[in-house]
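Following: one structure in structure tokens, then a few remarks.
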Amino acid sequence: MDKLIATGGGPLQGRIRVSGAKNAALPLMISSLLTEETLRISNIPHLHDITTTMELLGQLGVKLQVDEKLAIEADASEVDSVTAPYDLVKTMRASILVLGPLTSRFGRAEVSLPGGCAIGSRPVNLHIKGLEAMGAEIRIENGYIIADTGGKRLRGARIFMDLISVTGTENIMMAATLADGVTTIENAAREPEVVDLADCLNAMGAKISGAGGDEIVIEGVERLHGADHRVIPDRIEAGTFLVAAAISGGKIRINDVVPRHIESVLDKLRETGCVIEEGDNWIELTAPVGRLRSVNIRTAPYPAFPTDMQAQFVLLNSVADGTATVVETVFENRYMHVHELQRMGAQIELDGNTAVIRGVRQLHAAPVMATDLRASACLVLAGLVARGETIIDRIYHIDRGYDCIEEKLAQLGASIRRVPGHYLERRSA
Ligand code: UD1
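The working numbering numbers the first residue of the sequence shown as 1 and each following residue consecutively.
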């Protein structure tokens, strides 16, 4: 298994371009199931989760072509299976997104329950409830969610989401595009990725209005057609690089980004003392001379501060001046990075979903283990500001969601390299 070796060093400087957003690309690729015509999606990031999605769609019978610019053409005219098997769903929870499109277009879907997850229980009850409200019969059998419409079209319904769920909103929105009648999703997720999906579905002939607000209205149509869509930039990748520059005392420019998608993050970075300039599609960050100021954070659904940036800000606070509180309100058990940061000298106290962090001047290197996607990114960044050489194990988590992270960081002057697991074993032998 590969590892990353990061050595603490000087400020990150330079410019990078962010890749297409993973969380937008996955539902967009899956939406190809809704039409028998070809859907072309460009600006696809180079990630493991994309490969997993291609494998999943391939098993369902979708024909996929990738061109040299990483655009994907998906042709779901000959789908011959409606089963999403456990071995794929367990590696990527977003596989649950096939449930809505398959049920809506083919009247049946069999999707493995995702099972345990490193960042809390993450149930899918809202996805199920939404489809039931549209007339699907759903039962759980042998660990699979089996949805069946009895050969009928789904019908429009009014659906209230008890909790704001991103993939829950996306699943229901996709299913509703082909339903008979009007569906209203109340308390919908407002994330930019939901809007991107709605834009693509509308380009395919769907009639969706209100995406980006908390009530989305979908007027069902009989069929959708092909389209050509470009994935929005990854706001979490952008935010992660901004934090890297801030904690290293650097200055970077990020291109191909949508600044308004991360206003809450930019606001917090300003509070730390960083100077931020932004244009239509770029952001420039200059870290202050001296230490950053610590900042209190409370995660919540968009447009509030994203849970996917929580780990990076726990790290930022670990090296900032002062004491700060971070409250995680979206997921239970999303603090695995805290124990690893503590091993690097961070002063963090955990009490339920609250972390109290007293900044220290310097972290020190340690062997650490990646546990989930964003926690891993925080450990890589920690390695870049810690004294010594930090070895990060289990980096397949990072490869699920960050496109060439070490290459982009190296481009900014970071000392980081990827080595095969056996290289380190040989070295220590
Ligand atoms: C998506 C993102 C993930 C991000 C998260 C929150 C994708 C592929 N992933 O995950 O990166 O961290 O949004 O911004 O887009 N819940 C239920 N029942 C449900 C569904 C959700 O109780 O049926 C709860 C979850 O346990 C969690 C909260 O709702 O506490 C929000 O989860 P949700 O928005 O659904 O996260 P995902 O869509 O899985």
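Every residue, glycine too, gets a C-beta built ideally from N, C-alpha and C. Predicted model only: the values in this text are computed from it and were never measured.
Check: The ligand UD1 heavy atom lying under 8 Å from the CB of P27; Outcome: yes
Check: Own chain partners of A429 with C-beta closer than 7 Å, once the 5 adjacent residues on each side are dropped; Outcome: Because the pLDDT at A429 is just 49, under 50, the model does not fix this residue reliably, and the point stays unresolved.
Check: Buried or exposed (CB count within 10 angstroms, at least 16 for buried), T390; Outcome: buried
Check: The alpha helix (DSSP H) enclosing E132, as first and last residue numbers; Outcome: N125 to A133
Check: Beta-carbon contacts of E277 that lie in its chain and below 7 Å, excluding the five residues immediately before and after; Outcome: E284
Check: Beta-carbon spacing of V326, T299 below 9 Å; Outcome: yes
Check: Environment of F305 [buried if 16+ CB atoms lie within 10 Å]; Outcome: buried
Check: CB contact flag (K268, I297, <9 Å); Outcome: yes
Check: With 16 other Cβ atoms within 10 Å as the buried cut-off, status of I140; Outcome: exposed
Check: With 16 other Cβ atoms within 10 Å as the buried cut-off, status of G383; Outcome: buried
Check: Identified DSSP bridge partners for E215; Outcome: E186
Check: P301: CB within 8 Å of a non-hydrogen atom of the ligand UD1; Outcome: yes
Check: Near the ligand UD1: R155 beta-carbon under 8 Å from a heavy atom; Outcome: no
Check: Which of helix, strand or coil DSSP assigns to K408; Outcome: helix
Check: Unbroken alpha helix (DSSP H) run spanning Y144, endpoints; Outcome: Y144 -> not in any alpha helix (DSSP H); beta strand (DSSP E) instead, spanning Y144 to D148.
Check: Sub-9 Å separation of D196 and A84 beta-carbons; Outcome: no
Check: Spatial distance of I252 from R417 (CA atoms); Outcome: 20 Å
Check: Close-in-space but distant-in-sequence residues of the same chain around E271 (CB under 6 Å, 5 per side omitted); Outcome: V295
Check: Spatial neighbours of A211 in its chain, beta-carbon cut-off 7 Å, leaving aside the 5 residues before and after; Outcome: V194, V195 and A198
Check: Simplified DSSP state of R235, which is helix, strand or coil; Outcome: helix
Check: Secondary structure of H397, DSSP reduced to three states; Outcome: helix
Check: Burial state of F160 (16 or more Cβ within 10 Å); Outcome: exposed
Check: Other residues of its chain near I164: CB distance less than 7 Å, five sequence neighbours each side excluded; Outcome: N187, A189 and P301
Check: Reduced DSSP secondary structure (H/G/I, E/B, other) of T354; Outcome: strand
Check: For P367, the three-state DSSP class (helix, strand or coil); Outcome: strand
Check: I395 Cβ short of 8 Å to the ligand UD1 heavy atom set; Outcome: no
Check: Member of G401, V111 and V360 whose CA lies at the smallest distance from the CA of Y86; Outcome: V111
Check: Cross-strand partners of K69 (DSSP beta bridge); Outcome: According to DSSP, which records beta bridges pairwise, K69 is partnered with nothing at all.
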